[in-house]
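Numbering (the working numbering), first residue to last: 1 to 902.
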């Protein structure tokens, strides 16, 4: 800040302007990096001596547009709080020795207690012939010479779990290692038991020291702490066993009309493990969806065992698995029974820890949070010790259907059950950067607010320190006790389950997200032809920044779309009740499926009539509108994508600057008319060809740069800060991926994936549609072929073989899977690509997976990958490509000079 102030002073700004700048900078820094605007309510109290700065308080009020209360004793709030705490909790005779204590000589000596293995270092003071000692870790007094447990009689779920889940292993040299991380934590006892039954020695990484710190050094991207820890656990096992068992877990069995997928990182975690060179040959990663695909999963497990040369046939291996699985299920029942019996016998308050097992159960991750509660005399249970039936959660079935994640759904279910049980209070333990839990927290809070029940959310950071957790836990316990004593806190009127619609768009003003202005314009024209009043959301840097201020860990396009919608409705005086936001549905395990629900929640919280606005969830093809609309949608994506590609093909070489952009602009206007059926498509395409043929070009040897990545950012010139123009300015020619190319790239890999999964109906439907579209496409592609001088590409890459180099399987799906397919498909069609640029928004899980694979992509293809992450702050990101483009340009110049010399 001091540097910035000096710079502004040199520019001649006044002292008043500089002071105002500092104040607003402090406000923005606090709201963006400390609190988060979305977490601030309407009743705000500014505490601490800083509140004496009236100008700072005014800056916060101006920014938040809310009044802020400041006590005239704000500088004493900490001291007053301590005094109140003592007054309320201490009822005995005071031991205060008076203010003259400092005048007395108080000898202090050091002692080490030898009564137990704690070996406490004691401070022993003598005051008025009385001995006072402190430093005890247990519960004994100085004059009592035996160990006294501080937690005697307090229910501790960690000890109960160890009793139930203990599994004996053979004392031999380890053959297989199992990482105690991510999805494997929940079933660690299952796999220890399974391999032990086959006579295989097993070790786990439960004793891995500092797995997060180690993993952060090894991981190739900024993952959440649990994924970083997974890297650390793999590294710990590498030199301690012959094989490492890290299976792919994709999905659990689910209720009807719902899905229970593992989070995106978990689905790709073993692939990330394969990126560690030392682990690549040792990792065994079968795809195990044994609840959904029992036969395929059992065969995959058998094949993994045969790689280890286990002396057992298929039946013996399967028998060992079935026995271990049965034992695991029995242990789960025992844990439920332990929890149920405790709650029946317990007359008082208890805490239930909610969260992913790898956050809540592992000592290396949970910051000793369970022990903190027990040490304070509060019994603690874990969520899998709370018994309930499907009937107990039927009130939130719609929300559970929306949540497609396994652990997230379990957290929401248990929270709902706890909200209705007197004396049980939830503590949600999560990690920073956990995108699925950023959605969980929102609905967890809504469930508790509706029940009028206090709760605690603890987000674990990447540091070892427990400072801060104790204070918050103590405050939470006080809140829980106050509620338990009164049981009369009024519930809030909160809509827990956001209401979205899948009904007709007719009769509504439809607003479309602006992720690609060229495609969006043709989609708008398509809907207008169907008689639907459609508009495109406006996007600029200010709206992007405004949207990201309310972000609490979700992918930032979600917040951007929500606040662009609010801005558009308010600026155009639209009636929110008669306006609807269109959003695409999704089945993959990343966050996109939750977008409509969370955006609707933002509208509900915003108020001002937006509680009545609707969010429509539909197919990306608009097939629910009509068959013709679906066909037109395909061609809208095809025409817009190929026109963008044509612009990139001509613009860098145009002799008259601006002539290509003019041709693109005029063509887009005619395309819109064509998609409203006002002119023939062939006329619009023919005119396009004539316009581009008049552009004078001078072809030079520019390096080709291929852009790929997140759908919202890749073709969004506002969000990606005009990346195409920037690359062209610095000497490159951009290769984009038109949507029809993309569809053809991923078609065969997905057909093979569906065949393995037994989705034969999807294969037949998909192949029929693809064949029909390709036939129609031929007629129109010829116009673009004239401009691009390239035939419609056919992709014949052996994707299964290529994906295996990255540890990725044909069972995977999502953007990371697609990115690898795109990279190798583009190289087949454009073998002279010199640079890949990956674009992504902040908090995008799939993008980080691909970013972690960048060094492997370079190793396999010889083409470097630059990852650009746009965080919505306005800071320029595209400069990262300049060194690569400069180097490529120098290489081109050297080659041309060499040719001239020869």
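Even for Gly, the Cβ is constructed at its ideal location relative to N, Cα and C.
Of the listed residues the options, nearest to residue i (C-alpha basis)
i: residue 621; options: 629, 614, 615; result: 629
i: residue 569; options: 537, 852, 497, 14; result: 537
i: residue 397; options: 798, 254, 188; result: 254
i: residue 415; options: 446, 674, 690, 831; result: 446
i: residue 290; options: 321, 584, 692; result: 321
i: residue 594; options: 573, 607, 554, 574; result: 554
i: residue 406; options: 357, 379, 417, 367; result: 357
i: residue 347; options: 231, 275, 367, 485; result: 485
i: residue 76; options: 542, 109, 52; result: 52
i: residue 113; options: 140, 106, 127; result: 140
i: residue 448; options: 814, 683, 470, 424; result: 424
i: residue 328; options: 161, 352, 234; result: 161
i: residue 834; options: 813, 865, 854; result: 865
i: residue 839; options: 831, 832, 819, 782; result: 819
i: residue 409; options: 380, 365, 387, 439; result: 439
i: residue 831; options: 862, 846, 852, 853; result: 862
i: residue 123; options: 142, 117, 483; result: 142
i: residue 418; options: 351, 754, 361; result: 351
i: residue 215; options: 617, 638, 756, 462; result: 462
i: residue 786; options: 706, 703, 770, 685; result: 685
i: residue 506; options: 869, 199, 551, 578; result: 578
Cβ-Cβ distance between residue i and residue j below 9 Å
i: residue 459; j: residue 430; result: yes
i: residue 302; j: residue 270; result: no
i: residue 41; j: residue 74; result: no
i: residue 428; j: residue 377; result: no
i: residue 137; j: residue 120; result: yes
i: residue 308; j: residue 243; result: yes
i: residue 841; j: residue 715; result: no
i: residue 746; j: residue 625; result: no
i: residue 811; j: residue 287; result: yes
i: residue 115; j: residue 146; result: yes
i: residue 809; j: residue 390; result: no
i: residue 556; j: residue 156; result: no
i: residue 457; j: residue 372; result: no
i: residue 850; j: residue 800; result: no
i: residue 450; j: residue 496; result: yes
i: residue 83; j: residue 190; result: no
i: residue 435; j: residue 591; result: yes
i: residue 718; j: residue 541; result: yes
Enclosing alpha helix (DSSP H) for residue i [first to last residue]
i: residue 410; result: 406-418
i: residue 329; result: 314-345
i: residue 204; result: Not the alpha helix (DSSP H): residue 204 falls in the beta strand (DSSP E), residues 202-204.
i: residue 360; result: 357-360
i: residue 369; result: 369-375
i: residue 907; result: In the structure as shown, the chain begins at 1 and stops at 902. Residue 907 is therefore absent and cannot be evaluated.
i: residue 820; result: 815-829
Host beta strand (DSSP E) of residue i (start-end)
i: residue 134; result: 130-134
i: residue 709; result: 704-709
i: residue 841; result: 833-841
i: residue 125; result: 121-127
i: residue 110; result: 108-112
i: residue 509; result: 509-512
i: residue 350; result: 350-354
i: residue 869; result: 865-870
i: residue 617; result: 614-618
i: residue 380; result: 380-382
### Task
Answer yes if the segment 763-777 comes into contact with the segment 818-826, meaning at least three C-beta pairs across the two stretches below 8 Å, and no otherwise.
No: fewer than three Cβ pairs fall under 8 Å.
### Query
Unbroken alpha helix (DSSP H) runs of length 4 or more, entirely within the segment 46-87: which are they?
Qualifying alpha helix (DSSP H) stretches, in chain order: 54-64.
### Query
For the 8 Å Cβ check, are there 3 or more pairs between the segment 256-268 and the segment 728-738?
In short, these stretches do not touch, since the Cβ pair count stays below three.
#### Entry: Within the segment 536-597, ranges of the beta strand (DSSP E) (whole runs, at least 3 residues)
579-584, all fully within the segment 536-597.
#### Entry: Segments assigned beta strand (DSSP E), at least 3 residues, entirely inside the segment 429-493
You should have 456-460.
### Query
Which ranges does the alpha helix (DSSP H) cover as unbroken runs of at least 4 residues, wholly within the segment 716-776, from first to last along the chain?
Taken in chain order, the unbroken stretches of alpha helix (DSSP H) that lie wholly in the segment 716-776 and span 4 residues or more are 723-729, 739-757.
### Task
Just list the beta strand (DSSP E) runs in the segment 204-284, keeping only unbroken ones of 3 residues or longer that don't cross its boundaries, in chain order.
Fully enclosed beta strand (DSSP E) runs of 3 or longer: 243-245.
### Task
Check whether the segment 797-805 touches the segment 674-694, taking contact to mean three or more Cβ pairs, one atom from each stretch, closer than 8 Å.
No, because fewer than three Cβ pairs between the segment 797-805 and the segment 674-694 fall closer than 8 Å, the two stretches do not touch.
### Query
Where in the segment 631-682 do unbroken runs of the alpha helix (DSSP H), each at least 4 residues long, occur, reported from the N-terminal end onward?
Along the length of the segment 631-682, whole alpha helix (DSSP H) runs at least 4 residues long occupy 659-675, reported in chain order.
### Query
If we count Cβ pairs, one from each stretch, closer than 8 Å, do we get three or more for the segment 648-667 versus the segment 691-708?
Segments in contact, yes.
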